[in-house]
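Peer 1: The structure is given below, and queries will be raised subsequently.
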């Protein structure tokens, strides 16, 4: 399906589900297993503009999270959340099917300033190949594999910033993170806390937390209980040392320019991630994979 002259989205329809993926950002816009409304949320009006990220679905956050994190401190890298979500990825038509898509992004396609930001050197910018694979059947799986194709190590952050469609944020519980350390990014200079032995709930205020794996608290499976839609969404993660949970709440949500008032109620983000102190270091020739699996009951 041609969205316009620059933005192409592709429909994947099979016996178990249907999905839509945009070449811009390798961005999954829709996934709905048969008999279910879309599991992924996007605003009523999707805005498309080169250099601007698409709201909703699954943005691919790469190679830094937010404004980046260097030597234990928040950095000031641009663009926010890296350039993966605002780049045109290459669609591999030879391997893709009605239930599988493969996209690639190579450093040769990147802006020199972005690559220098990633490596920390204008003289020796980072070199990489990123492959994003999506399986969209009755179960959904997405995997981001990054390979260092250069001769210098580099450090990168990544996340699959999944917006889950829900009935009402105040009637949702997120479980599986009990007993796990987290950072509340809504508070300045706030030390890490530990999630109580109870699910995360939402009351209309912003929730923006980065959970850290450690010891037995790997939180490889997170569940979203949606009372209004009467379903449970299970998110399995692999190669992920962080889980990010986000909802902007009423004040910030109603101020977001590409969302209508009240739309903040209809999604929650649960993200497989490697960020901050858990950023990935790749030596020349090495690869790393971040993946998530989504199942609906």
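Residue numbers (the numbering used here): 74 to 370. No residue lacks a Cβ here, since even glycine has one placed at the ideal position from N, Cα and C.
(1) Leaving aside the five residues before and after residue 256 along the sequence, list all residues of the same chain whose C-beta is less than 6 Å from its C-beta, in chain order.
(2) Is any beta-carbon of chain B found at less than 8 Å from that of residue 319?
(3) Pull up the DSSP beta-bridge partners for residue 365, would you.
(4) Helix, strand or coil: how does DSSP classify residue 159 here?
(5) Check whether the Cβ atoms of residue 161 and residue 97 sit closer than 8 Å, and answer yes or no.
(6) Determine, using beta carbons only, whether residue 280 and residue 318 come nearer to each other than 8 Å.
(7) According to DSSP, simplified to helix, strand and coil, what is residue 288?
(8) What residue does the alpha helix (DSSP H) around residue 327 start on, and which one ends it?
(9) Which residues in the same chain have their Cβ closer than 6 Å to the Cβ of residue 150, if we skip the five residues on either side of it in sequence?
(10) I'd like the span of the beta strand (DSSP E) that includes residue 346, first residue to last.
(11) For residue 326, count neighbouring Cβ atoms within 10 angstroms of its own Cβ and tell me buried if that reaches 16, exposed if not.
(12) Cβ atoms of residue 82 and residue 113: under 8 Å apart, would you say?
(13) Between 177, 232, 316, which lies nearest to residue 248 when the distance is taken from Cα to Cα?
(14) May I ask you to list the residues that DSSP assigns as paired with residue 263?
(15) Determine the direct distance from the alpha carbon of residue 205 to that of residue 178, and round the result to whole angstroms.
(16) DSSP beta-bridge partners for residue 106?
(17) Going by CA-CA distance only, name the one from 132, 203, 130 that's closest to residue 362.
(18) Would you be able to state if there are at least three C-beta pairs under 8 Å between the segment 326-342 and the segment 111-131?
(19) Measuring CB atoms only, is the segment 295-303 touching the segment 232-252, in the sense that at least three cross pairs come out at less than 8 Å?
(20) Roughly how many whole angstroms lie between the Cα atoms of residue 336 and residue 159?
(21) How is the alpha helix (DSSP H) around residue 192 delimited, first residue to last?
(22) Determine which residues share a DSSP beta bridge with residue 197 and list them.
(23) Starting from the N-terminal side, write out each stretch of the beta strand (DSSP E) that is 3 residues or longer and does not extend beyond the segment 229-253.
(24) Take the Cβ of residue 352 as the centre, count every other Cβ of all protein chains shown within 10 Å, and call the residue buried at 16 or more, exposed below.
(25) In three-state DSSP terms, what is residue 182?
Peer 2: Let me spell this out:
(1) 265, 283
(2) Considering every chain present, this structure includes no chain B. It has just one protein chain.
(3) 215, 310
(4) Residue state, collapsed to three classes: helix.
(5) A distance below 8 Å separates the beta carbons of residue 161 and residue 97.
(6) yes
(7) Confidence at residue 288 is low in this model, with a pLDDT of 48, below 50, so its placement is unreliable and no value can be given for it.
(8) 322-328
(9) 137, 140, 141, 190.
(10) Taken as a continuous stretch (DSSP letters only), the beta strand (DSSP E) holding residue 346 covers 340-347.
(11) buried
(12) No Cβ-Cβ contact shorter than 8 Å links residue 113 with residue 82.
(13) 316
(14) Looking at the DSSP output, residue 263 shares a beta bridge with no other residue.
(15) If you take the alpha carbons of residue 178 and residue 205, they lie about 8 Å apart.
(16) 90
(17) Relative to the Cα of residue 362, the nearest Cα in the group 132, 203, 130 belongs to 203.
(18) Yes, the segment 111-131 touches the segment 326-342.
(19) yes
(20) Distance between the alpha carbons of residue 336 and residue 159 is about 23 Å.
(21) 185-192
(22) Answer is none; residue 197 lacks a bridge partner.
(23) 231-233, 236-238, 245-248
(24) buried
(25) helix
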